[in-house]
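Protein chains: 2
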Amino acid sequence: MARKRSYSRVTRQALSILGKLIRVGRTERGMTAQELADRAGISRTTLYNIEKGAPGPEVGVVFEVATLVGVRLFQVDDRTLQMHNARLDEKLTLLPQSVRPARREVDDEF
Amino acid sequence: MARKRSYSRVTRQALSILGKLIRVGRTERGMTAQELADRAGISRTTLYNIEKGAPGPEVGVVFEVATLVGVRLFQVDDRTLQMHNARLDEKLTLLPQSVRPARREVDDEF
DNA sequence: AATAAATGTACAATATATTGAACGTTAAGC
DNA sequence: GCTTAACGTTCAATATATTGTACATTTATT
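In order, the protein sequence lines correspond to chains A and B. Everything in the first sequence is counted per the working numbering, starting at 1 for the first residue and increasing by one. Everything in the second sequence is counted per the working numbering, starting at 1001 for the first residue and increasing by one.
Next comes the structure, spelled out in structure tokens:
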């Protein structure tokens, strides 16, 4: 019943940074929290949690908010995103569709 | 009652890419979906949605899964993340704590 | 080709995020 | 220094994500 999750330090750091980047972006653009929340179609409460770096909010919403204030996910523009996406599709076709656990890693024990 | 959100193309692209990066990372490490889900403390169903690029999953969970398979958020290591975080804190202290909407943007209409 | 495990996907039950309201606090601009 | 809007934060109600189960499909290996 209790879900209670734990997050690694890297994850918490990343969440914190993304939240701060959003806050900086918003402030630099002179938008109030309410304005940004409205544009993103969320409540000010949720935006508050996002800027605070909370782990709960939906990833899609967080990305959307980031985009709205000019924070670039993956540090690249739209066109480059498309390219990456296409390249990943290629890469995926080269990998096995399903993983057989017997693989004992690349770096085998000796 | 109906929440019904919309996401920009950039957001959808980013979600799709992140999902694929996770899938690639998992496959390259020879982990089954169930294994990764267990390590992340989530169900295989949720992992499935994450790899599919669905917008709904919690951002913290998505980041955690990404970290587990070696996908670096912001393309940097732990130490660099900390530095970025600290620098952002500085930057935040320089910005106004609250935004007054009358700011009419940096590029004013002359 | 046979086979067993991984994956894709749907669904009802349940845990949790989201929301709007509320209210005290802080700070921008006069 | 006043004023008042923005911000921080809590909370109950509600919408939605999560989970476990289940089953069909695909796929790696013998």
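For every residue, glycine included, the Cβ atom is placed at its ideal position computed from N, Cα and C.
If you draw a straight line from the C-alpha of R29 of chain A to the C-alpha of N1085 of chain B, how long is it?
As a first step, residue 29 of chain A must be located in the first sequence, where it is residue number 29. As a first step, residue 1085 of chain B must be located in the second sequence, where it is residue number 85. Taking the straight line from one Cα to the other gives about 20 Å.
I1017 of chain B: contacting residues in chain A (beta-carbon distance under 8 Å)
For the purposes of this step, residue 1017 of chain B is identified with residue 17 of the second sequence, where counting begins at 1. Correct list: F74, L81, H84, N85 and L88.
Starting from A1037 of chain B and walking both ways along the alpha helix (DSSP H), at which residues does that stretch end?
Your numbering for residue 1037 of chain B matches position 37 in the second sequence. Residues A1033 to A1040.
Going by Cα to Cα distance, which pick from B:L1092, B:K1052 and B:S1006 is closest to L92 of chain A?
Here residue 92 of chain A is taken as the residue at index 92 of the first sequence, counted from 1. Comparing Cα positions, the closest option is B:K1052.
Just mark R26 of chain A as buried or exposed, buried being the case when its beta carbon has 16 or more other beta carbons within 10 Å.
Against the first sequence, residue 26 of chain A aligns to sequence position 26. So R26 of chain A ends up on the buried side.
From the DSSP secondary-structure annotation, give me the bridge partner or partners of E51 of chain A.
Taking the first residue of the first sequence as 1, we reach residue 51 of chain A at position 51. Per DSSP, none; premise fails for E51 of chain A.
Contact set between D78 of chain A and chain B, taken where Cβ atoms lie within less than 9 Å:
In the first sequence, residue 78 of chain A corresponds to position 78, counting from 1. Listed along the chain, the chain B residues whose CB falls inside 9 Å of the CB of D78 of chain A are R1009, V1010 and Q1013.
Can at least three beta-carbon pairs, one atom from the segment 45-62 of chain A and one from the segment 1035-1044 of chain B, be found at a separation below 8 Å?
Too few Cβ pairs lie closer than 8 Å, so no.
If the cut is a Cβ gap below 9 Å, which residues of chain B does R44 of chain A touch?
Along the first sequence, read from residue 1 onward, the residue named residue 44 of chain A stands at position 44. Within chain B, no residue comes near R44 of chain A; the closest Cβ sits about 13 Å away, beyond 9 Å.
Buried or exposed (CB count within 10 angstroms, at least 16 for buried), A1040 of chain B
Here residue 1040 of chain B refers to the residue found at position 40 when the second sequence is read from its first residue. The residue is buried, with at least 16 neighbouring Cβ atoms inside 10 Å.
Could one say the Cβ of R1005 of chain B lies closer than 7 Å to chain A's Cβ atoms, at least one of them?
The sequence position of residue 1005 of chain B within the second sequence is 5, counting from 1. Answer yes: the Cβ-Cβ gap between R1005 of chain B and chain A drops below 7 Å somewhere.
Using a threshold of 7 Å, state whether the C-beta atoms of L18 of chain A and A1014 of chain B are closer than that.
As a working note, residue 18 of chain A is residue 18 in the first sequence. As a working note, residue 1014 of chain B is residue 14 in the second sequence. No, Cβ-Cβ distance for L18 of chain A and A1014 of chain B is not below 7 Å.
Applying a beta-carbon distance threshold of less than 8 Å, which residues of chain B neighbour E51 of chain A?
Within the first sequence, the letter at position 51 stands for residue 51 of chain A. What E51 of chain A touches in chain B: nothing, since even the nearest Cβ is about 10 Å away.
Same chain, Cβ closer than 8 Å to F110 of chain A, neighbours up to 5 away in sequence not counted:
Counting from 1 along the first sequence, the entry for residue 110 of chain A is found at position 110. Reliability fails at F110 of chain A, whose pLDDT of 37 lies under 50, so the model's placement of it is uncertain and no value is given.
Strictly below 9 Å CB to CB, what residues from chain A border L1047 of chain B?
For the purposes of this step, residue 1047 of chain B is identified with residue 47 of the second sequence, where counting begins at 1. What L1047 of chain B touches in chain A: nothing, since even the nearest Cβ is about 13 Å away.
On the criterion of 16 or more Cβ atoms from any shown chain inside 10 Å, does L1094 of chain B qualify as buried, or is it exposed?
Residue numbering aside, residue 1094 of chain B sits at position 94 when the second sequence is read from its first letter. Exposed, because fewer than 16 other Cβ atoms sit within 10 Å of the Cβ of L1094 of chain B.
Chain-ordered neighbours of T27 of chain A on chain B, where CB pairs are closer than 7 Å
Here residue 27 of chain A is taken as the residue at index 27 of the first sequence, counted from 1. Scanning chain B for C-beta atoms nearer than 7 Å to the C-beta of T27 of chain A yields L1095, P1096 and V1099, reported in chain order.
By Cβ distance below 8 Å, which residues in the same chain neighbour S16 of chain A in space, the five residues on each side in sequence not counted?
If you number the first sequence from 1, residue 16 of chain A lands on position 16. Contacts found: G53.
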